[in-house]
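A short write-up of the structure that comes next.
Numbering (this note's numbering), first residue to last: 41 to 235.
Encoded structure:
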């Protein structure tokens, strides 16, 4: 295949295929198929766009990039380390993992806190305490916005820069990736949901 030809895959399609590869047994045990879940994911994307728009004081476009069944350990090992990850959910309920990709997370921090324009900061780094405060507010706003779309409360539980240290993870799970475009605050938001 030649890049740009109608038969070639764009980077999001390749990422979706790679994310679904290896899900194997977990996908066979999972609940409803990902396409049946897509309507709820689309509602969540609209709610996420509204929440980020309010936080950033700018319009945000959010689209569902992909939905796939995956084993939680496989998903977490695919994330950048460090990253900006959170567990959400009511006490006693299976956790939902929220990951805000570092490019998006630090662009949000830059917009809220001021400072260097996006792209001029350091590469891979751990968030400062001030950045964690912004990211916790962002995660809480995301959980509050998309919880109703997914028919479950999603209060913030914990934060973690290293995704491998997250605890209380679901068994078989479904990952939903949202692509966010918001005037320079661009990147992916992942949700890992129990099925």
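Backbone N, C-alpha and C define an ideal beta-carbon position, used for all residues, glycine too.
Notebook entry, point to check: DSSP state of residue 26, grouped into three classes?
Noted result: Nothing in the structure corresponds to residue 26, since the chain is present only between 41 and 235.
Notebook entry, point to check: Which first and last residues belong to the alpha helix (DSSP H) in which residue 183 is found?
Noted result: Within the chain shown, residue 183 is the residue found at index 143, counting from 1. Taken as a continuous stretch (DSSP letters only), the alpha helix (DSSP H) holding residue 183 covers 169-186.
Next item on the list: Compute the beta-carbon to beta-carbon distance between residue 218 and residue 102, rounded to the nearest angstrom, for a pair I have assumed lies under 8 angstroms.
Entry: In the chain shown, residue 218 corresponds to position 178, counting from 1. In the chain shown, residue 102 corresponds to position 62, counting from 1. Between residue 102 and residue 218 the Cβ distance is about 5 angstroms, and since that is below 8 angstroms, they are a contact.
Next item on the list: Report the rounded CA-to-CA distance for residue 170 versus residue 148, giving the unit in angstroms.
Entry: Position 130 of the chain shown, counted from the start, is the residue given in the question as residue 170. Position 108 of the chain shown, counted from the start, is the residue given in the question as residue 148. It is roughly 12 angstroms from the alpha-carbon of residue 170 to the alpha-carbon of residue 148.
Check: Could you give the distance in angstroms between the alpha-carbon of residue 205 and the alpha-carbon of residue 90?
Finding: Taking the first residue of the chain shown as 1, we reach residue 205 at position 165. Taking the first residue of the chain shown as 1, we reach residue 90 at position 50. Distance between the alpha carbons of residue 205 and residue 90: 30 angstroms.
Notebook entry, point to check: Tell me which same chain residues have a C-beta within less than 6 angstroms of the C-beta of residue 216, skipping the five on either side of it?
Noted result: For this step, residue 216 is matched to residue 176 along the chain shown. Counting only Cβ-Cβ distances below 6 angstroms, and skipping sequence neighbours, we find 81, 107, 231.
Check: Which term fits residue 142, buried or exposed, when burial requires 16 or more other beta carbons within 10 angstroms of its beta carbon?
Finding: By 1-based counting over the chain shown, the position of residue 142 is 102. The residue in question, residue 142, is buried, as its Cβ has 16 or more Cβ neighbours within 10 Å.
Next item on the list: Grab me the residues of residue 193's own chain with a C-beta within less than 7 angstroms of its C-beta, minus the 5 sequence neighbours each way, in chain order.
Entry: Translated into the one-based positions of the chain shown, residue 193 becomes position 153. For residue 193, where only same-chain residues beyond five positions count, the Cβ hits under 7 angstroms are 130, 187.
Notebook entry, point to check: Mind checking residue 183: buried by the 16 CB within 10 Å criterion, or exposed?
Noted result: Walking along the chain shown from the start, residue 183 turns up at place 143. With 16 or more Cβ atoms within 10 Å of its Cβ, residue 183 is classed as buried.
Item checked: Expected contact under 8 angstroms - CB spacing of residue 213 and residue 234 to nearest Å -> Residue 213 sits at position 173 when you count from the first residue of the chain shown. Residue 234 sits at position 194 when you count from the first residue of the chain shown. Contact flag correct, Cβ pair sits at about 6 angstroms.
Checklist line | Beta-carbon spacing of residue 203, residue 136 below 9 angstroms | finding: Against the chain shown, residue 203 aligns to sequence position 163. Against the chain shown, residue 136 aligns to sequence position 96. Contact flag unset, no.
Notebook entry, point to check: Does the Cβ-Cβ distance between residue 227 and residue 144 come in under 9 angstroms?
Noted result: Translated into the one-based positions of the chain shown, residue 227 becomes position 187. Translated into the one-based positions of the chain shown, residue 144 becomes position 104. The answer is yes: Cβ separation under 9 angstroms.
Margin query: Suppose you measure from the CA of residue 179 to the CA of residue 125; what does that come to, to the nearest Å?
Written below: Counting from one through the chain shown, the residue named residue 179 turns up at place 139. Counting from one through the chain shown, the residue named residue 125 turns up at place 85. Computed Cα separation, rounded: 9 angstroms.
Note to self: Taking the alpha carbon of residue 139 as the reference point, which residue from 133, 201, 211 has its own alpha carbon closest?
What the structure shows: Working through the chain shown from its first residue, we reach residue 139 at position 99. With distances taken between Cα atoms, residue 139 lies closest to 201.
Check: Which value, in whole angstroms, describes the spacing of the CA atoms of residue 172 and residue 92?
Finding: Stepping through the chain shown from its first residue, residue 172 is reached at position 132. Stepping through the chain shown from its first residue, residue 92 is reached at position 52. Cα to Cα, residue 172 sits roughly 16 angstroms from residue 92.
Check: Which residues in the same chain as residue 112 place their Cβ atom closer than 7 angstroms to its Cβ, once the five residues preceding and following it in sequence are excluded?
Finding: Numbered from its first residue, the chain shown carries residue 112 at position 72. Cβ within range, chain order: 209, 210, 213, 232.
Next item on the list: Spatial neighbours of residue 68 within its chain, please: CB distance less than 6 angstroms, with the 5 preceding and 5 following residues excluded, ordered by chain position.
Entry: Here residue 68 corresponds to residue number 28 of the chain shown, with the count starting at 1. At residue 68, the pLDDT of 42 sits below 50, so the modelled position is not reliable; the number obtained from the coordinates is stated separately. Excluding the 5 residues flanking it on each side, residue 68 has no same chain C-beta neighbour closer than 6 angstroms.
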